[in-house]
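>
Protein chains: 2
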Amino acid sequence: MSDKHSPLQNHLINALPAEDQARLIPLLEWVPMTLGQVLYESGDTLRHVYFPTNSIVSLLYVTESGASAEISVVGNEGIVGVALFMGGESTTNRAIVQSAGHAYRLPGKYFKNELNQHGQLMILMLRYTQALLTQMAQTSVCNRHHRIDQQLCRWLLLSLDRLMSNELVMTHELIANMLGVRREGVTDAASKLQKLGVIEYHRGHITVLDRPKLEELCCECYAVVKQETDRLLPYVPKQPVK
Amino acid sequence: MSDKHSPLQNHLINALPAEDQARLIPLLEWVPMTLGQVLYESGDTLRHVYFPTNSIVSLLYVTESGASAEISVVGNEGIVGVALFMGGESTTNRAIVQSAGHAYRLPGKYFKNELNQHGQLMILMLRYTQALLTQMAQTSVCNRHHRIDQQLCRWLLLSLDRLMSNELVMTHELIANMLGVRREGVTDAASKLQKLGVIEYHRGHITVLDRPKLEELCCECYAVVKQETDRLLPYVPKQPVK
DNA sequence: GCTTCTGTGTACGCTAACGAACATTGGCGT
DNA sequence: ACGCCAATGTTCGTTAGCGTACACAGAAGC
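Respectively, the protein sequence lines represent chains A and B. Each residue of the first sequence is one higher than the last, beginning at 54 in the numbering used here. Each residue of the second sequence is one higher than the last, beginning at 54 in the numbering used here.
#1: Using 10 angstroms around the beta-carbon of M139 of chain B, count the other beta-carbons present and answer buried if the total reaches 16, otherwise exposed.
#2: In chain A, which residues lie with their C-beta within 7 Å of the C-beta of V277 of chain B?
#3: One question on the structure: do L99 of chain A and L69 of chain A come within less than 8 Å of each other, judged by their Cβ atoms?
#4: Using the C-alpha atoms, what's the distance from G96 of chain A back to M54 of chain B?
#5: 8 Å is my cut-off, CB to CB: does K165 of chain B come that close to chain A?
#6: Tell me the DSSP secondary structure of R215 of chain A in three-state form.
#7: If contact is defined by three or more beta carbon pairs under 8 Å, each pair taking one atom from either stretch, is the segment 104 to 115 of chain B in contact with the segment 140 to 150 of chain B?
#8: Got a sec? Which residues, its chain only, sit under 7 Å from Q173 of chain B by beta carbon, not counting five neighbours each side?
#9: Hey, is V194 of chain B's beta-carbon within less than 8 Å of any beta-carbon in chain A?
#10: Determine the contact status of L246 of chain A and V239 of chain A, defining contact as a CB-CB distance below 8 Å.
#11: Consider the Cβ of E117 of chain A: report whether some Cβ of chain B lies at a distance smaller than 8 Å.
#12: I'd like to know whether the C-beta of D73 of chain B is nearer than 8 Å to at least one C-beta of chain A.
#13: Tell me, please, whether the CB atom of A120 of chain B is closer than 8 Å to any CB atom in chain A?
#14: Put Y181 of chain A into one of helix, strand or coil per three-state DSSP.
#15: Relative to chain B, which residues along the segment 101 to 117 of chain A have a C-beta separation below 7 Å, given in chain order?
#16: According to DSSP, simplified to helix, strand and coil, what is C195 of chain B?
#17: Comparing C-alpha positions only, which one of B:A120, B:P79 and B:A75 sits nearest to R235 of chain B?
#18: May I ask you to report which of helix, strand or coil DSSP gives M54 of chain A?
#19: Any beta carbon of chain A sitting closer than 8 Å to that of L69 of chain B?
#20: Since S108 of chain B contacts A156 of chain B with CB under 8 Å, what's their CB separation in whole angstroms?
#21: Can you give the Cα-Cα distance for I228 of chain B and L185 of chain B, rounded to whole angstroms?
#22: So is Q170 of chain B in contact with chain A if we call contact Cβ pairs under 8 Å?
#23: If you measure from the beta carbon of G140 of chain A to each beta carbon in chain B, is any gap under 8 Å?
#24: Under 8 Å, do R197 of chain A and A122 of chain B count as touching if we go by C-beta distance?
#25: Express the C-alpha separation of G134 of chain A and L285 of chain B in angstroms, rounding to a whole number.
#26: Checking contacts by CB at 8 Å: is A281 of chain B closer than that to chain A?
#27: Just checking, does the segment 86 to 96 of chain B make contact with the segment 199 to 215 of chain B on the three C-beta pairs under 8 Å criterion?
#28: Can you tell me whether Q151 of chain A is buried or exposed? The criterion is at least 16 other CB atoms within 10 Å of its CB, across all chains shown.
#29: Does DSSP put I109 of chain A in a helix, a strand or coil?
#30: Is there at least one Cβ from chain B nearer than 8 Å to E187 of chain A's Cβ?
#31: Please decide whether R197 of chain B counts as near chain A, where near means a Cβ-Cβ distance under 8 Å.
#32: Can you give me the Cβ contacts of K165 of chain A inside the same chain, cut-off strictly under 8 Å, excluding the 5 residues immediately before and after it?
#33: If the criterion is Cβ atoms closer than 8 Å, does the pair T182 of chain A and S125 of chain A meet it?
#34: At a Cβ threshold of 8 Å, is I124 of chain B touching chain A?
#35: Just the chain A side, please: which residues come within less than 9 Å of A229 of chain B by C-beta, in chain order?
#36: With distance defined between alpha-carbon atoms, name the residue in B:E226, B:L61 and B:G154 nearest to H255 of chain B.
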């Protein structure tokens, strides 16, 4: 991985006016995000917000019986810790790193301070939150109506969008935890996709070979989320990522 | 139905400081909400926000194939149309009246005006939105992991909390649309609950006889949402509802 | 009183996904 | 080079929920 890193790799930071960036960026801390790392647990008081750059974070809920389900995914398009600016200080979810990389971290009090003083950050946060609402709603619908293989397609596409490469470091077991299904169910779906030549996988590595085909096999849920996110938060890079 | 009605029956309005109420209340329009009425469709530009008093509104998503699923429920604890203050102006959901009654309606421009000028309304909206996020997340989990009869219990409890009475005017068919399952599935679950003496129903009317038992039979999802909503938006009536 | 329609009950076969158990294999540590 | 374990493959019986079809009864309209 290149040592070139910049907060602007995060789309929300990127979307801020220059003067807001100038104030905010010095407060940010560049931190590694390791696979499986838990940023916060259900009920924890949040200490920081995270702006992922090349990492992916899953928000998931763990039931009393230990089963889990992914509520939404956050990558460089978003921020982890919306509860801090929503005023709740905690959520009922767990935030866990789904794909290793880095993020920029900001202590909660600085974040809230910025929010209160400058409107642009707040506006952006609100729009992002609406995108998050859309994603959650769609996850809910997908859980109800679509088959595992369709959901796997959705999940792969959401992950791809948040990575630079077409390879995911991810086991069937972990995907199963995210989707809230059995590992065997994921294996079945993945092997089906592999037979179709859409993906190729091997012991914890999944490579997407044919993205158009993947979108074809997917249910509508991916497109709905993607379109709405693009509408709410159009991405215009202010500085080319070197 | 009594002709006694007041915007304070809505918990969000009720929670505002007196001076904010004084400004806001004259702008509100008291409107009837009829069963099945669609407040907005997916993609519509929202014109108003609604503060339900004794009505209940479902936010639901309709898939390409025509299947539906309820994303969340809004009653007198909340507001319909968060997209207006989130900045998106529209959502991918449909808002439909699930239980007839009334609401107070506010044109979008007044609403946004109020938001920008006075912090207290914004703070309240943010907290409510977090409660909504929680509800959506939990619906998603419930769709994945819990049986229809448990989900029916959750749905009944969520509805009860938003009504004064223990009787719902609601057919199995409509509940099925909300839960995103077959009508027969709801009939099975409901008949099971009736045999247990928890509810009693008859051609479009459901009466809850034993609420504690209903909570017992329910999955954790109801309690999680309830607890988090109470935490985020504690309800302290400022004027007893006559 | 009659018809008609809406809401509910019930039965049948079917499928997706589950739970559990076990086989196989590749990669990693020592 | 070896052994071990994590990752994947496969099977089998079970179950929840689906799609369909149809029966029945109460309510509403004429």
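Idealized CB from N, CA, C, for every residue including glycine. Note that the structure is a prediction, hence the values are computed from the model and not measured.
Per the coordinate set shown:
#1: Within a 10 Å sphere around the beta-carbon of M139 of chain B sit 16 or more other beta-carbons, which makes this residue buried.
#2: What V277 of chain B touches in chain A: T145.
#3: No Cβ-Cβ contact shorter than 8 Å links L99 of chain A with L69 of chain A.
#4: Bear in mind that the predicted position of M54 of chain B carries a pLDDT of just 44, short of 50, making it unreliable; the figure below should be weighed with that in mind. M54 of chain B and G96 of chain A have their C-alpha atoms some 41 Å from each other.
#5: Not an interface residue.
#6: DSSP places R215 of chain A in coil when its eight states are reduced to three.
#7: With the rule of 3 Cβ pairs closer than 8 Å, the segment 140 to 150 of chain B counts as touching the segment 104 to 115 of chain B.
#8: Correct list, in chain order: L69, P70 and D73.
#9: For V194 of chain B, the answer is yes, since a Cβ of chain A falls inside 8 Å of its Cβ.
#10: The Cβ-Cβ distance between L246 of chain A and V239 of chain A does not fall below 8 Å.
#11: It does: the Cβ of E117 of chain A has a partner Cβ on chain B nearer than 8 Å.
#12: No, because no Cβ of chain A sits closer than 8 Å to the Cβ of D73 of chain B.
#13: Answer yes: the Cβ-Cβ gap between A120 of chain B and chain A drops below 8 Å somewhere.
#14: In the structure shown, Y181 of chain A adopts helical secondary structure according to DSSP, grouped into three states.
#15: Against chain B - using a Cβ distance shorter than 7 Å - the residues of the segment 101 to 117 of chain A are Y114, T116 and E117.
#16: Annotated three-state conformation of C195 of chain B is helix, per DSSP.
#17: Of B:A120, B:P79 and B:A75, the residue nearest in Cα terms is B:A120.
#18: In this predicted model, M54 of chain A has a pLDDT of only 44, less than 50, meaning its place in the structure is not dependable; the value taken from the coordinates is given anyway. Judged by DSSP in its simplified three-state form, M54 of chain A adopts coil rather than helix or strand.
#19: False, the Cβ-Cβ gap to chain A never drops below 8 Å.
#20: Right, the Cβ-Cβ distance comes to about 5 Å (below 8 Å), so this counts as a contact.
#21: If I take the Cα positions, the gap works out to 20 Å.
#22: Chain A, which has no Cβ nearer than 8 Å to the Cβ of Q170 of chain B, makes this no.
#23: True, the Cβ-Cβ gap to chain B drops below 8 Å.
#24: Cβ atoms of R197 of chain A and A122 of chain B: closer than 8 Å.
#25: Distance between the alpha carbons of L285 of chain B and G134 of chain A: 16 Å.
#26: Residue identity differs from the one stated: residue 281 of chain B is Glu in this sequence, not Ala. Interface flag for E281 of chain B against chain A is set, since a Cβ pair is found closer than 8 Å.
#27: Inter-segment contact for the segment 86 to 96 of chain B and the segment 199 to 215 of chain B is absent: fewer than three beta-carbon pairs are separated by less than 8 Å.
#28: Buried, because 16 or more other Cβ atoms sit within 10 Å of the Cβ of Q151 of chain A.
#29: Of the three classes helix, strand and coil, the one that applies to I109 of chain A here is strand, per DSSP.
#30: Per the sequence presented here, residue 187 of chain A reads as Thr, with Glu not at that position. So, interface residue.
#31: Using a Cβ-Cβ cut-off of 8 Å, R197 of chain B counts as an interface residue toward chain A, since at least one Cβ of chain A sits closer than that to its own.
#32: Answer for K165 of chain A: L137 and F138, listed in chain order.
#33: The beta carbons of T182 of chain A and S125 of chain A sit no closer together than 8 Å.
#34: Yes, I124 of chain B lies at the interface with chain A (some Cβ there is under 8 Å from its Cβ).
#35: Correct list: empty, because the minimum Cβ distance to chain A is about 12 Å.
#36: The shortest C-alpha separation from H255 of chain B is found at B:E226.
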